[in-house]
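Protein chains: 2
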Amino acid sequence: MKVLVIGGVAGGASVAARVRRIDEKSEVIIIERGPHVSFSNCCLPFHLSGIVERSDDLVLMDPVEFSTKYNIEARVNHEVVKIRPDGKIVEIKNLITGKLYEESYDKLALAPGASAIRPQSITGVNNANVFVVKNVVDINNLQSYIVEKNVDNIAVVGGGFIGLEICENLVEAGKSVSLIEGTNQVMQPLDYDMAQIAHKELLDNGVKMYLEEKVVSIEASTVILESGKSVEADVVVMAIGVQPETSLARDCGIEIGKTGAILVNHNYQTNYPDIYAVGDVVEVTSKLTGDKTRLSLAGPAQRQARAAADHMFGKYHNNKGVIGSSCIHLFNYNIANTGLNEKDCKKYGINYDFVYIIPNDKVGLMPNSKPLFFKLLFEVPTGKILGAQAIGRGAADKRIDVIATLISMNGTLEDLKELELCYSPYYSTAKDVVNHAALVALNVLHADFKQVPVSQVRRLVEDNAFIIDVREKGEFESGHLVNAINIPMSEFRDRLDEIPKDIPVYLHCRSSQRSYNVISALQGLGYRNLINISGSFLGISFNEYFLDQTTSRDKIVTEYNFN
Amino acid sequence: MKVLVIGGVAGGASVAARVRRIDEKSEVIIIERGPHVSFSNCCLPFHLSGIVERSDDLVLMDPVEFSTKYNIEARVNHEVVKIRPDGKIVEIKNLITGKLYEESYDKLALAPGASAIRPQSITGVNNANVFVVKNVVDINNLQSYIVEKNVDNIAVVGGGFIGLEICENLVEAGKSVSLIEGTNQVMQPLDYDMAQIAHKELLDNGVKMYLEEKVVSIEASTVILESGKSVEADVVVMAIGVQPETSLARDCGIEIGKTGAILVNHNYQTNYPDIYAVGDVVEVTSKLTGDKTRLSLAGPAQRQARAAADHMFGKYHNNKGVIGSSCIHLFNYNIANTGLNEKDCKKYGINYDFVYIIPNDKVGLMPNSKPLFFKLLFEVPTGKILGAQAIGRGAADKRIDVIATLISMNGTLEDLKELELCYSPYYSTAKDVVNHAALVALNVLHADFKQVPVSQVRRLVEDNAFIIDVREKGEFESGHLVNAINIPMSEFRDRLDEIPKDIPVYLHCRSSQRSYNVISALQGLGYRNLINISGSFLGISFNEYFLDQTTSRDKIVTEYNFN
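Pasting the structure below:
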């Protein structure tokens with residue numbers, strides 16, 4: 001069998017290597033437009049800080065290694081210019097010599113990836129000081145420009161994963177960084193409440209943030225925003241997203257799906273059965289919504305590649321759809337998410353609820369025990385787990401991997417509650433964050449108590465709602481909501497006369513655990529209108545901190561207590 | 001309802017707190033023999049190194065807090081001396097005044113825990129310099145003795161979790177530590193091959209190890225072993241295991257199970273329906289074998305406590321049985337395990353197979369990317385996942401938590417292969433260790449290749465088996481099996497004449513990935529008798545290193561390459 005692969009990063013190289021493992025006698029050729037056939041896409045931003053010191057190290061394998069170790073021919077600087085499905089032939093241009101030639105195939109795999117979006121509506125977007133980061137050549141160009149011109153002020157446009165990784169690595173390199181994002185939050189996989197923690201971390205590390213701002217024009221040392229603001233920047237990095245490289249496919253009649261990416265079947269075949277497509281160029285099916293979506297991630301690309309190669313040789317594959325798990329390192333925080341967020345649930349009309357808890361990530365006595373901000377979404381009334389978001393100085397990624405595993409297995413809150421995870425004080429607590437989330441969520445599901453999200457606390461304060469802070473006196477004095485009443489957990493049974501029965505009473509503590517205990521007790525004493533503030537004081541503080549720093553709104557918290 | 005709880009700590013305190021949350025009006029009394037009603041059992045060893053500086057900090061809540069915050073009466077220094085199930089009465093002794101009195105109950109929860117075993121067959125086991133570590137008083141006594149007498153040489157007897165944590169913390173405190181273990185390995189949840197990594201780490205950190213040794217007598221500054229060896233030690237810590245505190249239960253006719261612990265039903269009721277038992281004093285049912293077992297862990301104890309309290313109030317609980325997940329920090333390594341190991345599978349006659357892989361825990365370009373030793377056990381022919389063991393400088397606990405989650409959900413290798421975990425170069429690889437293990441395991445399950453475990457390599461070498469090392473020349477020269485032939489992956493297709501077809505050929509590389517590729521290719525060329533060495537050179541090295549240091553066996557590896 002002769003297998004041609006177009007594109008040689010995560011998807012393409014994996015198809016080729018897998019074909020080789022399945023069949024030593026097949027002819028396998030990778031055609032790659034760029035000069036590198038296999039490089040670490042995900043590590044590109046880390047060259048800016050020097051974590052990956054030499055950009056050469058980003059190139060994982062060269063054509064010689066492909067040849068000697070895998071007997072795979074990797075033609076770099078060769079571009080496929082046309083696919084002729086009827087004749088099973090592709091037309092290739094040697095980009096060095098300019099020569100055109102043809103190559104036949106039995107099976108063709110498309111893995112051209114996606115290209116960074118550069119909106120041509122922005123004046124100056126093609127200037128020499130505007131960069132994208134998609135490959136080793138890009139990162140070399142950007143880094144060389146910064147070093148040679150000794151650039152200090154840099155604007156990053158787009159607060160997604162790549163944008164934030166670029167921000168972090170530029171800050172680590174000592175640069176002055178501005179982040180411009182079109183929506184009201186960075187990291188779209190997070191909900192707005194969770195994104196506040198990322199916002200605070202960016203601010204605390206000196207990143208100047210411009211949210212809900214669009215770039216109008218880029219000048220030599222200034223970026224002009226739609227609001228009229230100007231941002232000092234001698235270099236601009238565009239990281240607002242990618243678009244699948246579908247032109248080759250469109251030209252030969254390969255069907256494009258509703259998301260603008262190539263439509264593939266269960267086995268990653270296009271409408272031409274001998275042409276497969278994998279990676280950032282295809283659309284995939286969400287396991288949770290059933291809808292088509294795009295997921296530009298390396299893990300799924302590798303899995304698709306293996307499945308496609310297997311199918312070429314009659315091996316079947318169990319395609320369960322994607323759930324979307326990702327994570328990012330952001331200065332002192334680890335941020336991870338999986339499955340659906342609130343925005344997704346609303347979009348798809350899913351009946352959901354959620355809990356937002358902030359327990360410590362390990363036993364409090366251990367060094368580096370820190371709060372982990374954890375949000376868990378579940379379906380109502382089934383309790384099926386829909387998604388989770390975790391942010392903390394500790395192992396957020398671990399908790400999200402557990403939830404991702406449960407989601408793939410169609411797990412429910414009952415399953416999560418019972419999970420028997422490994423525990424030592426070094427790593428977690430006997431009842432891990434995720435177990436804890438399930439217990440709280442089951443209470444919500446069974447309507448054992450009511451809750452209100454932190455995002456509504458400002459309104460409650462402004463409306464003079466009756467808010468009780470059940471933390472002990474010293475904690476209250478070190479920072480609290482301006483009109484909260486302090487009735488510590490250790491005193492409430494003696495101060496029942498201060499707690500009204502005829503109006504809604506909102507309760508919180510530091511992380512919602514104590515307030516939940518107090519609510520249970522008060523309900524046992526006949527109170528019926530108690531509402532727990534989900535996320536409690538820590539959650540409120542983070543949400544308000546960012547707003548206070550970036551808007552002129554009145555403070556509703558006397559001080560912030562983040563320790 | 002009046003609920004009496006015997007014993008504080010993880011199980012008892014959790015029953016009491018949960019009862020309070022369910023019913024504010026119930027009377028809840030904890031009777032605790034010791035002076036502390038709630039302390040961090042799992043953190044006790046960390047006081048020896050000063051990680052937990054003040055032993056007072058180990059006490060999490062005092063009776064005043066139980067009273068003011070939870071309206072729970074906690075009577076410390078009170079011991080239940082008799083249970084009278086017929087009258088629903090317990091007899092209690094005030095250990096301070098010596099006074100005996102009675103207390104009635106509607107529901108009784110037994111959570112007396114387990115006591116450390118001190119075999120009376122050992123001469124001197126009750127000497128003043130012999131300690132156990134079960135509570136805050138114990139750890140205070142041990143630490144005070146060490147400090148006051150300025151003790152340097154300490155022997156720890158028992159290489160389980162507590163024994164190893166004590167070793168580590170004593171080494172951190174600058175002590176000279178000897179570890180004496182009766183079997184041929186530390187940490188029984190690990191298989192022998194994986195335990196070698198722990199053995200090496202103990203040796204490398206200066207712990208003197210005595211395996212397959214039993215203590216005969218303890219003298220003032222010497223421990224005498226059955227082999228005749230003597231170990232210098234001015235203090236001896238006994239950590240050979242625990243036995244459930246069942247005497248109270250036995251005396252009143254509570255049924256004891258086959259493991260010697262209290263027999264409970266699905267809801268943690270004993271044979272007296274109003275008497276519940278939870279924690280280290282009960283036996284539990286293994287989800288994987290169906291057999292009764294004991295599991296002295298804090299997480300399950302808390303879950304049992306909640307379930308028992310719930311059941312007292314008619315709330316039902318979903319008891320899926322236990323799988324047994326645990327982890328430990330050992331100097332530079334994180335060690336974790338879940339489910340069954342090979343020893344368990346053999347004991348229960350389960351048809352199993354396993355893979356032993358050693359990929360990097362994160363992208364190789366990132367700082368601190370290190371090998372993760374990972375062993376995955378699965379059922380044959382179903383592919384159902386049975387257990388896993390992980391050891392590395394990176395997040396071993398994370399990988400084990402994912403496997404534990406899959407096991408609770410009855411996951412198979414196919415499920416594990418497809419798991420969509422979160423990935424960034426900081427945390428993992430696009431194809432995570434656990435995905436990788438599933439792929440290799442599926443190859444084994446489908447008999448795509450044969451393998452032999454590292455533990456058999458010595459025999460192969462001694463039998464002059466034909467072993468090919470496919471690493472590149474430089475790697476081979478920095479250390480290899482004495483009679484292996486070096487045919488690098490980049491050369492094997494040109495050196496086929498050196499690879500015999502008529503005898504078994506064993507192949508390995510550094511971590512088994514390249515050798516698997518070579519085997520796939522050679523099989524495609526008609527070779528039928530190829531065997532991959534599972535664990536490869538890294539696995540072999542660890543196994544042999546320990547043996548070389550502790551026995552006088554001939555070296556079969558020219559050098560060790562652990563980086």
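Protein chains in written order, with full-length UniProt numbering: chain A, 1 to 563; chain B, 1 to 563.
Heads up, the beta-carbon is just placed ideally off N, CA and C, and yes, glycines get one too.
This one's a predicted model, so the numbers in the text were calculated from it and none came from an experiment.
| Item | Value |
| --- | --- |
| Short-range partners of chain A found in the stretch 375-409 of chain B, where Cβ spacing is below 7 angstroms | Ala395, Asp397, Lys398, Ile400, Asp401, Val402, Ala404, Thr405, Leu406, Ser408, Met409 |
| Between the CA atoms of Ser221(A) and Glu232(A) - distance to the nearest angstrom | 6 angstroms |
| N-terminal and C-terminal residue of the alpha helix (DSSP H) that Tyr192(B) is part of | 192-204 |
| Glu73(B), enclosing beta strand (DSSP E) - first and last residue | 73-76 |
| Best match in Glu53(A), Ile350(A), Gly34(A) for proximity to Cys43(A) [C-alpha to C-alpha] | Glu53(A) |
| Cβ-based contacts, 8 angstroms cut-off: residues of the stretch 63-92 of chain A near chain B | Glu65, Thr68, Lys69, Tyr70, Asn71 |
| Lys562(B) (DSSP reduced to helix, strand or coil) | Contrary to the premise, residue 562(B) reads as Phe rather than Lys in this sequence. Reduced to three states, the DSSP call for Phe562(B) is coil. |
| Residue environment, Ile180(A), which counts as buried when at least 16 other CB atoms sit within 10 Å | buried |
| Cβ of residue 596(A) within 7 angstroms of any chain B Cβ | Residue 596(A) is absent from the structure shown; chain A starts at 1 and stops at 563. |
| Between the CA atoms of Phe131(A) and Glu148(A) - distance to the nearest angstrom | 15 angstroms |
| DSSP bridge partner residues for Ser178(B) (one or two, in chain order) | Ala155(B), Lys208(B) |
| Candidates Asp463(A), Met489(A), Glu213(A), Asn341(A): closest to Lys473(A) by CA position | Met489(A) |
| Contact set between the stretch 408-427 of chain A and chain B, restricted to residues whose Cβ is under 7 angstroms from the partner | Ser408, Met409, Gly411, Glu414, Asp415, Glu418, Leu419, Glu420, Leu421, Cys422, Tyr423, Ser424, Pro425, Tyr426, Tyr427 |
| Whole-Å CB distance - Thr396(A) paired with Ile335(A), under 8 angstroms assumed | Just to set this straight, residue 396(A) is Ala in the shown sequence, not Thr. The Cβ separation is near 6 angstroms, so the contact holds. |
| Distance, Gln120(B) Cα to Val380(B) Cα | 44 angstroms |
| From Ile531(A), Leu202(A), Arg33(A), Ser286(A), residue whose alpha carbon lies closest to that of Asp448(A) | Ile531(A) |
| Chain-order list of residues whose beta-carbon lies under 7 angstroms from that of Val518(B) (same chain, five-residue window excluded) | Val470, Met489, Phe492, Leu507 |
| Cβ distance (whole Å) where Val402(B) is taken to contact Leu421(B) below 8 angstroms | 7 angstroms |
| Residue burial classification, Ala277(A) (beta-carbon count within 10 angstroms, cutoff 16) | buried |
| Proximity below 7 angstroms, CB of Val136(A) to CB of His36(A) | yes |
| Min CB distance Ile358(B) to chain A below 7 angstroms | no |
| Alpha helix (DSSP H) segment containing Gly321(B), residue limits | Unbroken run through Gly321(B): none, as it is neither H nor E. |
| Contact the stretch 202-213 of chain B vs the stretch 152-172 of chain B: 3+ CB pairs below 8 angstroms | yes |
| Chain B contact residues for Glu21(A), given Cβ-Cβ distances below 7 angstroms | Here residue 21(A) is Arg; the residue named in the question, Glu, does not match the sequence. Per Cβ cutoff of 7 angstroms: Asn517, Ser520. |
| Contacts that Met489(B) makes with chain A (C-beta to C-beta distance below 9 angstroms) | Thr68, Lys69, Tyr70 |
| Beta-carbon contacts of Leu439(A) that lie in its chain and below 7 angstroms, excluding the five residues immediately before and after | Lys417 |
| Pairwise C-alpha distance: Glu462(A) and Glu544(A) | 14 angstroms |
| Three-state secondary structure (DSSP) of Met238(A) | strand |
| Contact residues within the stretch 310-321 of chain A, judged by C-beta distance below 7 angstroms to chain B | Asn318, Lys320 |
| Limits of the alpha helix (DSSP H) - the one that Ile540(A) falls within | 536-550 |
| Counted within 10 angstroms of its Cβ, other Cβ atoms place Thr550(A) as buried (16 or more) or exposed | exposed |
| Extent of the continuous alpha helix (DSSP H) to which Ile162(B) belongs | 161-172 |
| At least 3 beta-carbon pairs within less than 8 angstroms: the stretch 326-334 of chain A vs the stretch 74-92 of chain A | no |
| Opening and closing residue of the beta strand (DSSP E) in which residue 577(A) lies | This structure gives no information on residue 577(A), because the portion of chain A shown stretches from 1 to 563. |
| Ala111(A) vs Ile72(A) beta-carbon contact at 7 angstroms | no |
| Same chain only: Cβ atoms within 6 angstroms of Leu413(A), ignoring 5 sequence neighbours per side | Phe378, Gly383, Ala438, Ala441, Leu442 |
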